[in-house]
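Student: From first to last, the protein sequence lines stand for chains A and B. Reading the first sequence from the start, the letters are residues 46 to 480 in this note's numbering. Reading the second sequence from the start, the letters are residues 46 to 480 in this note's numbering.
Number of protein chains: 2
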Amino acid sequence: MSGLLIRDTIIVPVDNEKKDKLWFTGDVAIEESKIKEVGKNLQGKYRDFEIIEGKNSLTMPGFVNCHTHAAMTMLRGYADDLPIIEWLSEKIWPCEEHLTEKDIYWGTKLAISEMVKSGTTTFADMYSFMDQVAYAVDESGIRASLSRGIIGKDEEKDELALRESEEFVKEWHGKGEGRITCMLGPHAPYTCSPAYIKKIKKLANELGVGIHIHLAEALSEVEDIKSRYKMRPIELMDSIGLFTGGHVLAAHCVHLSKEEINILVNNNVGIAHNPQSNMKLASGIAPLPILLEKGALVGLGTDGAASNNNLDMLEEMRTCALFHKVSTMDPTVLSAYQVLKMSTREGARVLGLNDVGTLAVGQKADVIMFDLKKPHMTPLHDPIANIVYSAQSADVKTVIVNGKIIMKDRSLITMDEEKIIFEAQRLGEDLVKRK
Amino acid sequence: MSGLLIRDTIIVPVDNEKKDKLWFTGDVAIEESKIKEVGKNLQGKYRDFEIIEGKNSLTMPGFVNCHTHAAMTMLRGYADDLPIIEWLSEKIWPCEEHLTEKDIYWGTKLAISEMVKSGTTTFADMYSFMDQVAYAVDESGIRASLSRGIIGKDEEKDELALRESEEFVKEWHGKGEGRITCMLGPHAPYTCSPAYIKKIKKLANELGVGIHIHLAEALSEVEDIKSRYKMRPIELMDSIGLFTGGHVLAAHCVHLSKEEINILVNNNVGIAHNPQSNMKLASGIAPLPILLEKGALVGLGTDGAASNNNLDMLEEMRTCALFHKVSTMDPTVLSAYQVLKMSTREGARVLGLNDVGTLAVGQKADVIMFDLKKPHMTPLHDPIANIVYSAQSADVKTVIVNGKIIMKDRSLITMDEEKIIFEAQRLGEDLVKRK
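1. Would you be able to state if there are at least three C-beta pairs under 8 Å between the region 88–108 of chain A and the region 137–151 of chain A?
2. Is asparagine 431 of chain A close to chain B? Criterion is C-beta to C-beta, closer than 7 Å.
3. Residues of chain A with CB closer than 9 Å to the CB of serine 482 of chain B, please, in chain order.
4. Between the region 319–345 of chain B and chain A, which residues of the former have CB atoms less than 8 Å from a CB of the latter, in chain order?
5. Compare the C-beta of lysine 426 of chain A with all C-beta atoms of chain B and state if any pair is closer than 7 Å.
6. Determine the chain A residues that contact phenylalanine 364 of chain B at a beta-carbon separation under 8 Å, and present them in chain order.
7. Just tell me which of B/Leu120, B/Ile225 and B/Ile55 has its CA closest to the CA of tyrosine 434 of chain A.
8. Roughly how many whole angstroms lie between the Cα atoms of aspartate 176 of chain A and threonine 118 of chain A?
9. Does the region 379–386 of chain B come within contact of the region 178–190 of chain B, defined as at least 3 CB pairs closer than 8 Å?
10. Distance check for leucine 472 of chain A and alanine 436 of chain B, CA to CA, integer angstroms please.
11. Where does the unbroken beta strand (DSSP E) through serine 190 of chain B begin, and where does it stop?
12. Whose C-alpha, out of A/Met160, A/Leu144, A/Val406 and A/Gly84, is nearest the C-alpha of asparagine 354 of chain A?
13. Grab the span of the alpha helix (DSSP H) containing cysteine 140 of chain A for me, first residue to last.
14. Taking the runs of the beta strand (DSSP E) that are 3 residues or longer, which of them lie wholly in the region 77–143 of chain A?
15. Can you tell me whether DSSP reads cysteine 227 of chain A as helix, strand or coil?
16. How is aspartate 176 of chain B classed by DSSP in three states: helix, strand or coil?
17. Is the CB-CB distance between isoleucine 256 of chain A and methionine 276 of chain A below 7 Å?
18. Going by DSSP, what residue range makes up the alpha helix (DSSP H) through histidine 369 of chain B?
19. Looking at glycine 346 of chain A: is its Cβ nearer than 7 Å to the Cβ of histidine 112 of chain A?
20. Which partner residues of phenylalanine 467 of chain A appear in the DSSP bridge assignment?
21. Flag this pair as touching only if the region 319–328 of chain B and the region 361–377 of chain A have three or more C-beta atom pairs under 8 Å; answer yes or no.
22. Taking the continuous alpha helix (DSSP H) assigned at lysine 386 of chain A, which residues delimit it?
23. Tell me whether asparagine 540 of chain A is buried or exposed, calling it buried when 16 or more other Cβ atoms sit within 10 Å of its Cβ.
24. Less than 7 Å between the C-beta atoms of alanine 439 of chain B and alanine 439 of chain A, yes or no?
25. Alpha carbon to alpha carbon, what distance is there between isoleucine 413 of chain A and valine 441 of chain A?
26. Only counting the same chain, and skipping five residues up and downstream in sequence, which positions put a Cβ closer than 6 Å to that of glutamate 146 of chain A?
27. For leucine 287 of chain A, I'd like the list of residues in its chain whose CB is within less than 7 Å of its CB, leaving aside the five on either flank, ordered along the chain.
28. Please give the ranges of any beta strand (DSSP E) in the region 286–368 of chain A, keeping only runs that are unbroken, at least 3 residues long and fully inside the region.
29. So the alpha helix (DSSP H) leucine 281 of chain B belongs to, where does it begin and stop?
30. How about threonine 443 of chain B and serine 185 of chain B: are their beta carbons less than 7 Å apart?
31. Which residues, in chain order, does the region 155–179 of chain B contribute to contact with chain A at a C-beta distance below 7 Å?
32. Determine whether the Cβ of tyrosine 150 of chain B lies closer than 7 Å to any Cβ atom of chain A.
33. Just checking glycine 48 of chain B against the ligand MN - is the residue's beta carbon closer than 6 Å to any of the ligand's heavy atoms?
34. Whose Cβ in chain B lies nearer than 7 Å to the Cβ of serine 438 of chain A?
35. Identify the contact partners of aspartate 375 of chain B in chain A, using a Cβ-Cβ distance below 9 Å as the criterion.
36. Give every residue of the same chain whose Cβ lies closer than 7 Å to the Cβ of leucine 301 of chain B, excluding the five residues on either side of it in the sequence, and list them in chain order.
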């Protein structure tokens, strides 16, 4: 068998904190799609493996971006600093109505190229024309959990959306050497009725897939749901059984009552925390330190590029730590290692993936390497602090997904970066004229 | 005369918003240390100028980092996520006691190399062994406002600090082709008595230089000053005349009463807002939207690398905008252009520099160029939004200070990056062992 051997590198395995040091120097052997061994001086044992030199590098699991609308990269920088209603109704929605399959394909390729170049190896996407997203994921070699976004309309359209979602899952779940998994994607309790969400949930259970949904993002949503159903969003979802019988990925979860926190924790709901989006749209401050203290399952996400405006998980980690320190006026909350776990191992669990997110033997080999020899990464007193508080995404030099190198020395292997930039610029300019 | 001509570039002059578009395409001519002309098709007019191709680039004034302790890069990642008292008394102060001239020199070189590589062309520094800082600034070609930090001790030491500060100003103010300016640096009202600060202010006025001081950073400081002097920090400083008769650069200004905001505005005090440091140390949330609404003079700073942990002004801009949007629950506050102004033109004014910070004709040629051809900078719907919300510091490709290129295509011209990283790593490791 042949494989890859990363030699003489600083390793942050994000695995079994009780047993090991959080980081150490050694080698990582990758065979086919999996981590084969992590240890010292492995070269003699894996003589025919391709060597990747790890000196002056840090090797860790790739980032898991728990909530995206990838093709919204097309609207990056198109509408900022606006009141939320104006932003949505005058800018974002009118453009989204004119999105074509081509926009989604190239917008997703743009997003994937950006994500790989910033160390993301898995993302959870909810949007439209999801076949196009799946093609882009399949071709690029990245890992993704994909959901067709569903918004309730009328009986006929709702039924059609269910059938299309079912077809999408049957077509793509498990494809791309297992890199592609699917969920069903009811958009939110304010855009899908409880009855419709129940139907979607039933179908998800039949298909054996999870649910990806937006929950409790804005105060206006909480007020809306309360006035319509006399319950808060997560209480409502609990009352219709959303959280039982299959995995749920809930994006945002900003405005939560104590009872709702308990519901999320007790049902092991995967929470995608999106600090930069929540800040930029002024959605509010999620009670993250309390959620973590209670044992909630939380990962990090960027949300779409129209409300961020990039897909950079390093920024998301840093902002997450700083934001909650000042919000609680406690500099000890959200340590560097805690946010690193959220952006890797915990993030994978939020997506319902148990074989991704650490460098433990047997895990899928989704591995990234940082170049440490940079002024802003010097001195190296604490590699984990430097990654979380000092690094920038251009420091990511090599990216491996499912055992295959997809970026080497910052060059994308499976994607034509020049062509992606050209097509995305052309289509993006055209899109905002179309609306 | 010969000079530089940046050709066919997107220009963001950060000058005279009422007259011009915020950005346009054209050329920038630089003669000796100054901006000679900004316009279209200038090549015929400046035939002997060295051409810098600007296609797919954005050209703007360099960033002004309004508050640093540059050599604290030596302690980057050494102590994080700790209670503030433990952080200071068990980690930072014991190390600082063992700082040598060599640490300061190489730590500052490290900081300057990082700053130049992230587009900063001017910084305001307050630390110790300032001659070493001045050597590093002089050699590197960056612009800086330097202050010897003064902490009150006993009469003899206080007098010595005054004499050393005076000598430093006489030796360095205006040196380095005018790139180096000096201020006096009383550390803070809780470390220098009012009588001592009055003496320092008197000396500053005699020398014709400004004052760089920390003010109202933490709640504990406000309580301390109130209990000692029955006044809040900025009221106390006002009562001893700190703000009259010469420029003052006040770092932080987090905890302010209405009256104190008025004092800062009425005296045109330059405020260095340090969002990431304030967040990481959980110092609090400065009332920035109110300060700006009242017409305060505010720039952005990173503070030292021990509380940030880098010197990246792009991060500082982005975090500033996002932080205040969510703090006020208003997505319209702190627009992209507003933070861009704070990080350039306004920042220069905060330092008391009127000939830096824009691309207006006659201004000092402190100019940076961004590479726009990156996935995360595509599409280019709004170049200003892309710089503030999407860019990373590795996108800065060329840096000019005082008309001289000091970084080209990401290679430092005036500094040996490899040697700086080597020395900083060696000395940084040694420093934390010494304490």
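Backbone N, C-alpha and C define an ideal beta-carbon position, used for all residues, glycine too.
Tutor: Looking at the atomic coordinates:
1. By the C-beta criterion, the region 137–151 of chain A is judged not to be in contact with the region 88–108 of chain A, since fewer than 3 inter-stretch pairs fall below 8 Å.
2. yes
3. Because chain B in this structure spans residues 46 to 480, residue 482 of chain B falls outside the shown range and cannot be described.
4. Gln321, Asn323, Met324, Lys325, Leu326, Ala327, Ser328, Gly329 and Ile330
5. The sequence shown places histidine at residue 426 of chain A, not lysine. Judged by the 7 Å Cβ criterion, histidine 426 of chain A is in contact with chain B.
6. Looking at the sequence shown, residue 364 of chain B is not phenylalanine but threonine. Thr364 and Leu367, listed in chain order.
7. Nearest option by C-alpha distance: B/Leu120.
8. Aspartate 176 of chain A and threonine 118 of chain A have their C-alpha atoms some 17 Å from each other.
9. no
10. 21 Å
11. 188–195
12. A/Met160
13. 138–142
14. 79–84, 95–98, 102–106 and 108–113
15. It is a strand residue.
16. Helix, per DSSP.
17. No, Cβ-Cβ distance for isoleucine 256 of chain A and methionine 276 of chain A is not below 7 Å.
18. Its alpha helix (DSSP H) spans residues 358–373.
19. yes
20. Note: phenylalanine 467 of chain A sits in no beta bridge, so no partner.
21. yes
22. In the DSSP assignment, lysine 386 of chain A falls within the unbroken alpha helix (DSSP H) covering 381–387.
23. Any property of residue 540 of chain A remains undetermined from this structure, which presents chain A solely from 46 to 480.
24. Yes.
25. Whole-angstrom Cα-Cα distance: 7 Å.
26. Around glutamate 146 of chain A: Phe174 and Gln177.
27. Ile242, Lys246, Ile256 and Val293
28. 293–297, 315–318 and 342–345
29. 278–284
30. no
31. Within the region 155–179 of chain B, the qualifying residues are Leu155, Ser158, Glu159 and Lys162.
32. no
33. Although the ligand MN was asked about, the structure shown includes no ligands whatsoever.
34. Gln437
35. Pro128 and Ala327
36. Cβ contact annotation for leucine 301 of chain B (same chain, cutoff 7 Å, sequence separation greater than five): Ala261, Ile279 and Pro332, in chain order.
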